[in-house]
Each structure stands twice: as C-alpha cells, then as structure tokens.
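Q: Chain order of the listed sequences is W and Y. The first sequence begins at 1 in the numbering used here and counts up by one. The second sequence begins at 405 in the numbering used here and counts up by one. Cβ atoms here follow ideal geometry from the backbone N, Cα and C, with glycine treated the same way. Before anything else, here's the structure in question.
There are 2 protein chains.
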Amino acid sequence: MYDLLKGLRVVEGAAFIAGPSCGLHLAQMGAEVIRFDTIGGGPDFRRWPLAPGGASLYWEGLNKGKKSIALDLNSPRGRELAVAIAAAPGENAGLFVTNYPTKGFLSYENLKAARADILSVRVMGWADGAPAMDYTVNAAAGLPFATGFPDDPRPMNHVLPAWDLLGGAYAAFALISADRARRASGRGAEIRVPLSDLVASSLSHMGAVAEVLVENADRPRMGNDLYGAFGRDFETADGARIMLVAISPKQWIGALRALDLTDAVSELERELRVSFAKDEGVRFTHRARLFALFEPAIKARPLAELGAAFDTAGVTWSKYQTLHEAVNNDARLFGKNPIFHTVEHPSGLRYAAAGPPGTVADAPRGPLAPAPKLGQHTDEVLANVLGLSGAQIGALHDEGVVAG
Amino acid sequence: MYDLLKGLRVVEGAAFIAGPSCGLHLAQMGAEVIRFDTIGGGPDFRRWPLAPGGASLYWEGLNKGKKSIALDLNSPRGRELAVAIAAAPGENAGLFVTNYPTKGFLSYENLKAARADILSVRVMGWADGAPAMDYTVNAAAGLPFATGFPDDPRPMNHVLPAWDLLGGAYAAFALISADRARRASGRGAEIRVPLSDLVASSLSHMGAVAEVLVENADRPRMGNDLYGAFGRDFETADGARIMLVAISPKQWIGALRALDLTDAVSELERELRVSFAKDEGVRFTHRARLFALFEPAIKARPLAELGAAFDTAGVTWSKYQTLHEAVNNDARLFGKNPIFHTVEHPSGLRYAAAGPPGTVADAPRGPLAPAPKLGQHTDEVLANVLGLSGAQIGALHDEGVVAG
C-alpha cells in the first residue's frame, strides 16, 4: 500500500470484478474506500473460488484494504443511508464507484440530489443499460473466433476476464481525473464505463477495427502465432514449451544468436530477397519458413540451456507453466515477489496476497491490508461519516437496518 | 474527447500498446499529450495491421489526439531535448509516460536531475528489468493452460493483449494519482508498472492464487464453461452460437423463464436436493445436468426468437460473432455507437475510430482528434515547451537533430 491518495474517501457500492477492482486500486494507493453491501452480502459474496469453510477467496481478494458497512439495501432507510454515505460532505469525499443500474436508488439523479458535486463512476454492461458481462461482450466482439487453432472451429472463450479488469483500472483513472477537474471547477460528474465500449474502443485503438474496415474480412485464427511479427510457442528437447517473441530488431538478432540461426536465416533472406531484421512484418509473412528453422533448433536443446542462452542474448521469452507451477516454483512472479505479503484473511486462512501492481520507486511498500469482515466497520462509518450517535446507531441495529 | 484533464501536459516516450494507450486515455480526457519518437519512427511505427499504403493502423489508433515531435534519439543532443521536454517546468507539467528501460538516458535518475519533482510512470516487462511482453508473462502465469477445451492439451494463447491494455489504464490511474499527491506535497515520484506484476496481482485479486494455494492443484481446463456459476456457449436452431451467463438469482430465474425450463429444473432440484437459484456454485457443480436441459431448449429455437425472449426476461447473453460481423452488423457495438467518429487519419484513410470508453454523463462528447503525422508538432513543441527561437529550431533541423 502506498499513500498517493491519502486523505481521499471513496464509497463503493458494487459487486463482481470491475467495480470492486476499481475500489481496490484506489485503496491500495492510500484512499479510504468504504464498501457497502446488503446485510448477508451482495451477489458476489459467495462467488467461487471458495475456502474450505465457504468464504469466498474471490471476495476477499477483491476487497483488500477496504472498510465494510452492511445495510439492508431492500429497505428505504438502508437505501437512504447508502446514498448519504456516498454523498457525505468533504472536499476529499463525494466520490462513488458503482455498477448499479443507471435507474434506481443509486441513479446519478438521486446521488446528485444528495450532493450536487458528487463524482460517480458507473461500470455498466452495455452502454444503453442492457445487461452484459465480460464473457458476453467478448463473444459479441469476435475474440472467441480469433482465439484458437485453425484446425478447431469452435468459438473459444479466454478464461481471463480482461474487460472487467480493464474496466476497474479505467474507472479508477476516470474517477481520479474527475476529482482533479472538480477541484478546479467545483462541478460534479458521472462517468459511465460500459464493458461494451471498453471492448469496442480497445479494438479500435489497436487498429483491429480499422483492419476489418480496410480488408473487409476477418483476421484468420492462427493459434499461438503472434500477429504481424515473430512469435509462437515451441517445444524444447525436454518437453517444455516456451513462448518466444521478437518484435524489435534487437530482439530478433538476439534470438538468432542464441539459437545459432544467424547463418541459416541469412541464407533464407537471400533466397526470399527480404530482410527479416528490418521488417517484423516480413517475419510474419514468412513465418512458416522461419518456424521450420526454429523448431529443430529449440527441440535440440533442453530448457535450462536455452533459457541461459536466451537471457544472455536479451531474448523475450517465457516458459509455459500452469498457475500451480508458477505459484510454487516461479519466485520472480510469486514466491519472492515483493508485491506479495502473507496475512490472515477473513476466511481465517493465512496466505500470500498482492498489493498494488504499481511500485513507487524509492518509497516503502507499506503493509498489505486484508479484506474486512462483512460489516466490520458499520458502526465506525455511521459515526465518522454520518456523525450518528451511539444511540442512533444502536436503533439502526435494533431495526435491522444495519448489521456488523 | 472530454476536458476532465484540460490544462495538464503529459509527455510520452513509449512504444507498442501499454505506454501509448496510457497516453491515449489521458489525451482523450483532455490532457495535452506530447509523444516523442525517433526520426523515422520508433519500433512500433510499422506495426501491423497496415493500411494499403504501408501506414500502421495500429500506430494511428494508439496515438489519436496526441502531438508528435521527432528527434534523433541516437544523438546526445536529441536525447537531451527529449529529457528537457519531459522535464519542462509548470505545475501542470512534468508528467512522463514511458516504457524505456530503468537505466539509460530516460532513467528516473536522469529525469529527476532535470526536474526534481518529475512524475514518471514506467511500464516494464519483468519488475527486475528483464524483457517481457504480454504474451510471455501470460504464458508464465498459466493462462494458456487454463484456456481451451479439455480435449485439446495444447497451450492456448488468447489473442487479446489484455495485460498491455490493463497496464495502459492502470498507468494512467497511477500518473493522475501521483499528480494529486504532488499537488499536496510538492514531491515527484516514479511509479513502475511491470506487466509481470499486473498478471500476478490480478490473479491474486480474483482469488486464483489463493485457490491454488488452498487446493494445491490447478483449476482444470473447461472450454467455454464459466467457472463457479452457470455459463457456456450454446447452438441455436439456425446454427448461431450464443454465450449465456447466469450468476445472480435474477439472471438465473430469467433464463429459465425465457427457455421454459422452470419445471424441468425444479424436478432436477428435487432429485439432487439442491436449490440452483440460491447458490450459483451448485449450478456449476451440476452443470453437466443443466447443460443437458439447456442444449435442446436452445437448439429448438432460432436466434431471433431466443433473443427476443432473453431480452424480455433480462437474460445476460450475446451472439458469438466475428469482428467483421460485429463491425458491419452490430450497430450497438460499432455501427451506431456514439463513441465512434469518422475522421481522416494519417494513413490518408477515412474511417470510424473510437474516442474514450468512458462517457461523461450530461457533457458533450467532443470531436475525435486523429493521430498526428510523425513530427507534425516538432516546431510547435520546441517553441512552446522549450521556448526555442525560430533560428534555434532551424539549426536543429539543419543538424538533423529534429525532423517534421
């Protein structure tokens, strides 16, 4: 945890990945993030994977370092409290993260009525308010027909909820940007971040939409071949698989040197009258010829020997490993990665979990704060944010409007 | 384009996706983003896909709305100018986005020497400075062994450079957060965002690392089945494929209603003594039994009829379509999506490209600014940012230190 956002208060009324990961990024950079949930937990409170006791490892991963207040969100009073907490005064407060519908008790209109300069960032499915999830917008945008090997026509979902993760980081960016603007103008805003528009804009930004318009055709499926340059998986003498990529001339020349392929590739260049080093696209066009040279060169040597040669030559590569292998054996990625700290989580389990992916150079990486227990900070939030007295808080408990 | 970041100046010395998409997000929210490249273009200047004339659709997608200055980055004088532009004075300046190595002329040390309170965000491969790319860190972290069908053991890369995209959005968040901190403290910072740590932290945040630690095993490959709840692809009577997801009770009940499966599923619940509506995990555990009910129900009806029933019932679903189909036929995602504007790009082509994925409610979405031509703003930047005279700028052109 770092303190770049120290003093900022953000309220989160969200579930699943995109909204909660937005709050997580903010919390891990030092903001006070208050998450409200309905009593007993929202729709993500039992989301898999689960700990043996039934607690959600997913929930406790996505809510690290936040405060938790539990409210009866089905009751008018509970809903009023949620809006009041989101809209509480303070120049460093009035920031709200949600994935609730644009209409309803957490609508921008209702939030604005409670605080005119509120800043809200709303992760959505489709921009028009229709429901969507990462896996449905991904299917709509063609990724599952582009992923996979040419010998298998089945649409292939990737398992990574990339759009949710992107939505969380982008929402954090949008909210802090809106805070910057509000400090100058005094005006609030709601920024809507639909998953559908994250998909559409990302494919536009990378030129894929333009490519379809220009070519009037889809890019074919090509398995693990990297599009437009040199890259693919290869098998080593000892049966390991590696991903090897060369985009820049330096990467390309390093790979040839590490594999003793400089002469063979020069000969191919003379035959084809091309220069592979100067133009990564030519490497892609002639990749079948190049793969025929690389395959035996890699298959002839064991992983340890290849890895040493690659690292010396500055080659960009990785072994394919399962997550279990990586967690247990890859010290750089997990075992000795300083972004991980072992703490006790609400499940009662102690295990290593990650702080922020950004590292502030020359600053100490603070301790890792685990997720709260559901409703752990109910009384604290009611007292500190809403200024309620002990008697008022006790009455809310008695009425079943709050819990924790 | 919106004006949340109006008045902020950011300098970008970066290539490929992560760094440039950071700059793009900033530019599309109103910052002045000055990108410098070496004369003739950096390593991403000819990255595929290409326009018929050879211009990179990728480059012009990722650099929309930026200013471009071309410098000879192999010369000491060109490098000095790059550092001077990044470190130019002004309380709303001195923000820098890069993916250059931690050592070298754009090191944090060199930047700090030029401006003590500079803010720099540096997207990296591995945190230790070793080279990595999206596709190599992805292989190292197990995603390609988790993606794909159980009947095919090949590691399966997904084609989406998700870590690069996440890195760009997270870097934008980190930079604006650092700007907020600097306004209070006056202190600069460098935030390092390694792709390796984006992967490791994301898998931790979603509980996948904890799952491996708790289970001491990998989650098996499961094709297009959604983990931990109900979701998969299905084929319709007319041969379309759809992705159907139900996580919340409301989504589940809606899907059963739309498919007339309420009674059949109740019978299965009695047989298995479970409640599918209350526990999405039970839906996952018994998914083979559920799929056996859903498959014929979906296969019996054409897409148009199913889609209407799904939309009425609030079901979360999408048709699988290729990107070409989506771009040409899906008005909501592309054809009539208001985030797209048709403009002329540096390739000379006119086509629709996306503005920011975030929509500021109640604010006009400004025009879409295309990418610059390489070096289009060389003289302007030298004059306005560095205060050079016409004679000085002319001399730099004569010496070949700048171009454009």
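1) Out of curiosity, what's the CA-to-CA distance linking alanine 210 of chain W and isoleucine 580 of chain Y?
2) Hey, out of Y/Ala497, Y/Ala644 and Y/Ser605, whose CA is closest to alanine 169 of chain W's CA?
3) Look at leucine 707 of chain Y and threonine 763 of chain Y and say whether their C-beta atoms are less than 7 Å apart.
4) Give me the residue from Y/Val415, Y/Asp629, Y/Leu408 and Y/Phe680 with the minimum Cα distance to leucine 790 of chain Y.
5) Can we say the stretch 480-490 of chain Y touches the stretch 283-291 of chain W, given the rule of at least three CB pairs closer than 8 Å?
6) Hey, could you find the ends of the alpha helix (DSSP H) tryptophan 721 of chain Y is sitting in?
7) Quick check: threonine 502 of chain Y and alanine 418 of chain Y, are their CB atoms within less than 7 Å of each other?
8) Let me see if you follow: with CB-CB separation under 7 Å, is leucine 95 of chain W close to chain Y or not?
9) Name, in chain order, the residues that DSSP records as bridge partners for arginine 192 of chain W.
10) Report yes or no: do three or more beta-carbon pairs, one from the stretch 322-335 of chain W and one from the stretch 33-52 of chain W, lie closer than 8 Å?
11) So is isoleucine 339 of chain W in contact with chain Y if we call contact Cβ pairs under 7 Å?
12) Determine, using beta carbons only, whether aspartate 197 of chain W comes closer than 7 Å to chain Y.
13) Rounded to the nearest angstrom, how far is the Cβ of glycine 423 of chain Y from that of tyrosine 135 of chain W, given a contact under 8 Å?
14) Run the CB neighbour count on alanine 178 of chain W, radius 10 Å, all protein chains shown included, and call it buried at 16 or more, exposed below.
15) Please tell me whether tyrosine 351 of chain W and leucine 617 of chain Y are closer than 7 Å, where the distance is taken between their beta carbons.
16) Only counting the same chain, and skipping five residues up and downstream in sequence, which positions put a Cβ closer than 7 Å to that of leucine 477 of chain Y?
17) Check for me: the alpha helix (DSSP H) holding valine 616 of chain Y runs from which residue to which?
18) Around the C-beta of glycine 759 of chain Y, are 16 or more other C-beta atoms found within 10 angstroms, so that it is buried, or is it exposed?
19) Rounding to the nearest angstrom, what Cα-Cα distance links glycine 375 of chain W and serine 68 of chain W in this structure?
20) Could you check what DSSP says for threonine 342 of chain W in three-state terms: helix, strand or coil?
21) Just to confirm my understanding: we take glutamate 748 of chain Y, look at its own chain, exclude 5 residues before and 5 after, and list those with CB closer than 7 Å. What are they?
22) Does any residue of chain Y have a CB that is nearer than 7 Å to the CB of arginine 445 of chain W?
23) At a Cβ threshold of 7 Å, is threonine 442 of chain Y touching chain W?
24) Rounded to whole angstroms, what is the Cα-Cα separation between tyrosine 108 of chain W and threonine 102 of chain W?
25) To which residues of the same chain is lysine 777 of chain Y closer than 6 Å at the C-beta, ignoring the five residues directly before and after it?
26) Quick check: is the beta carbon of proline 153 of chain W nearer than 7 Å to any beta carbon in chain Y?
27) With a threshold of 7 Å between beta-carbons, can threonine 312 of chain W be considered close to chain Y, or not?
28) Going along chain W, which residues have a C-beta under 7 Å from isoleucine 797 of chain Y?
29) By how many angstroms is the C-alpha of asparagine 542 of chain Y removed from the C-alpha of threonine 551 of chain Y?
30) Where arginine 180 of chain W and arginine 187 of chain W are concerned, what is the direct C-alpha to C-alpha distance, given to the nearest angstrom?
31) Please list, in chain order, all residues of the same chain as glycine 718 of chain Y whose beta carbon is under 8 Å from its beta carbon, the five residues on each side excluded.
32) By the DSSP assignment, the beta strand (DSSP E) with glycine 13 of chain W in it spans what residues?
33) Closest to leucine 57 of chain W by C-alpha separation, out of Y/His609, Y/Ala544, Y/Leu409 and Y/Arg586, would be which residue?
34) Are three or more beta carbon pairs between the stretch 718-729 of chain Y and the stretch 144-158 of chain W nearer than 8 Å?
35) Assuming phenylalanine 284 of chain W is part of the alpha helix (DSSP H), what are its boundary residues?
36) Give the single residue among Y/Trp452, Y/Leu800 and Y/Leu792 whose Cα lies nearest to the Cα of alanine 492 of chain Y.
A: On the basis of the coordinates in this document:
1) Mapped onto the first sequence, residue 210 of chain W falls at position 210. Mapped onto the second sequence, residue 580 of chain Y falls at position 176. Here the alpha carbons of isoleucine 580 of chain Y and alanine 210 of chain W stand approximately 30 Å from one another.
2) For the purposes of this step, residue 169 of chain W is taken as residue 169 along the first sequence, with counting starting at 1. Residue Y/Ser605 holds the alpha-carbon nearest to the alpha-carbon of alanine 169 of chain W among Y/Ala497, Y/Ala644 and Y/Ser605.
3) Numbered from 1 along the second sequence, position 303 holds the residue referred to as residue 707 of chain Y. Numbered from 1 along the second sequence, position 359 holds the residue referred to as residue 763 of chain Y. No, the Cβ-Cβ distance between leucine 707 of chain Y and threonine 763 of chain Y is not below 7 Å.
4) Position 386 of the second sequence holds residue 790 of chain Y. Shortest Cα-Cα distance from leucine 790 of chain Y to any of Y/Val415, Y/Asp629, Y/Leu408 and Y/Phe680 involves Y/Val415.
5) Using a C-beta cut-off of 8 Å, the stretch 480-490 of chain Y makes no contact with the stretch 283-291 of chain W, since fewer than three inter-stretch Cβ pairs fall below that distance.
6) Looking up residue 721 of chain Y in the second sequence gives position 317. No alpha helix (DSSP H) holds tryptophan 721 of chain Y; the beta strand (DSSP E) holding it covers 720-723.
7) In the second sequence, counting from the first residue as 1, residue 502 of chain Y sits at position 98. In the second sequence, counting from the first residue as 1, residue 418 of chain Y sits at position 14. Cβ atoms of threonine 502 of chain Y and alanine 418 of chain Y: closer than 7 Å.
8) Position 95 of the first sequence holds residue 95 of chain W. No, its Cβ sits nowhere closer than 7 Å to a Cβ of chain Y.
9) For this step, residue 192 of chain W is matched to residue 192 along the first sequence. Per DSSP, W/Arg122 and Y/Thr763.
10) Flag = no, the stretch 322-335 of chain W and the stretch 33-52 of chain W do not touch.
11) Locating residue 339 of chain W in the first sequence gives position 339, where the first residue counts as 1. It does: the Cβ of isoleucine 339 of chain W has a partner Cβ on chain Y nearer than 7 Å.
12) Mapped onto the first sequence, residue 197 of chain W falls at position 197. Yes, because at least one Cβ of chain Y sits closer than 7 Å to the Cβ of aspartate 197 of chain W.
13) By 1-based counting over the second sequence, the position of residue 423 of chain Y is 19. By 1-based counting over the first sequence, the position of residue 135 of chain W is 135. So it is not a contact: roughly 29 Å between Cβ atoms.
14) Residue mapping note: residue 178 of chain W aligns to position 178 of the first sequence, counting from 1. Looking at its Cβ environment, which holds 16 or more other Cβ atoms inside 10 Å, alanine 178 of chain W is buried.
15) The sequence position of residue 351 of chain W within the first sequence is 351, counting from 1. The sequence position of residue 617 of chain Y within the second sequence is 213, counting from 1. For the pair tyrosine 351 of chain W and leucine 617 of chain Y, the CB atoms are nearer than the 7 Å cut-off.
16) Within the second sequence, numbered from 1, the residue matching residue 477 of chain Y stands at position 73. In the same chain as leucine 477 of chain Y, and ignoring 5 residues on each side of it, the C-beta atoms closer than 7 Å to its own belong to Thr442, Arg483 and Ala486, in chain order.
17) Within the second sequence, the letter at position 212 stands for residue 616 of chain Y. Counting along the chain, the alpha helix (DSSP H) containing valine 616 of chain Y begins and ends at 612-619.
18) As a working mapping, residue 759 of chain Y is identified with position 355 in the second sequence. Burial is judged here by how many other beta carbons sit within 10 angstroms of a residue's own beta carbon; glycine 759 of chain Y has at least 16 and is buried.
19) Residue 375 of chain W sits at position 375 when you count from the first residue of the first sequence. Residue 68 of chain W sits at position 68 when you count from the first residue of the first sequence. Between glycine 375 of chain W and serine 68 of chain W, the C-alpha separation is close to 5 Å.
20) Along the first sequence, read from residue 1 onward, the residue named residue 342 of chain W stands at position 342. Threonine 342 of chain W falls in the strand class under three-state DSSP.
21) Counting from one through the second sequence, the residue named residue 748 of chain Y turns up at place 344. Within the same chain, glutamate 748 of chain Y has close Cβ partners Arg754 and Pro774.
22) Look at the range of chain W in this structure, 1 to 404, and you will see that residue 445 of chain W is not part of it.
23) Numbered from 1 along the second sequence, position 38 holds the residue referred to as residue 442 of chain Y. Chain W, which has no Cβ nearer than 7 Å to the Cβ of threonine 442 of chain Y, makes this no.
24) For the purposes of this step, residue 108 of chain W is taken as the residue at position 108 of the first sequence. For the purposes of this step, residue 102 of chain W is taken as the residue at position 102 of the first sequence. Roughly 7 Å between the two C-alpha positions.
25) The sequence position of residue 777 of chain Y within the second sequence is 373, counting from 1. The beta carbon of lysine 777 of chain Y sits closer than 6 Å to those of Pro750, all from its chain and outside the five residues before and after it, given in chain order.
26) Here residue 153 of chain W refers to the residue found at position 153 of the first sequence. Judged by the 7 Å Cβ criterion, proline 153 of chain W is not in contact with chain Y.
27) As a first step, residue 312 of chain W is located in the first sequence; it is residue number 312 there, counting from the start. Threonine 312 of chain W has a beta carbon lying at 7 Å or more from every beta carbon in chain Y.
28) Position 393 of the second sequence, counted from the first residue, corresponds to residue 797 of chain Y. Near isoleucine 797 of chain Y there are no residues of chain W at all, since even the closest Cβ is about 30 Å away, more than 7 Å.
29) Residue numbering aside, residue 551 of chain Y sits at position 147 when the second sequence is read from its first letter. Residue numbering aside, residue 542 of chain Y sits at position 138 when the second sequence is read from its first letter. Looking at the two C-alpha atoms, the distance is approximately 11 Å.
30) In the first sequence, counting from the first residue as 1, residue 180 of chain W sits at position 180. In the first sequence, counting from the first residue as 1, residue 187 of chain W sits at position 187. Pairing arginine 180 of chain W with arginine 187 of chain W, the inter-Cα distance amounts to about 10 Å.
31) As a first step, residue 718 of chain Y is located in the second sequence; it is residue number 314 there, counting from the start. Contacts found: Lys654, Gln655 and Gly658.
32) By one-based count along the first sequence, residue 13 of chain W stands at place 13. Start and end: 9-13.
33) Walking along the first sequence from the start, residue 57 of chain W turns up at place 57. Its Cα nearest to that of leucine 57 of chain W, the residue Y/His609 stands out among Y/His609, Y/Ala544, Y/Leu409 and Y/Arg586.
34) A contact exists between the stretch 718-729 of chain Y and the stretch 144-158 of chain W.
35) Translated into positions along the first sequence, residue 284 of chain W becomes position 284. 280-285 is the extent of the alpha helix (DSSP H) around phenylalanine 284 of chain W.
36) One-based indexing of the second sequence puts residue 492 of chain Y at position 88. When the alpha-carbon of alanine 492 of chain Y is set against those of Y/Trp452, Y/Leu800 and Y/Leu792, the nearest one is in Y/Leu792.
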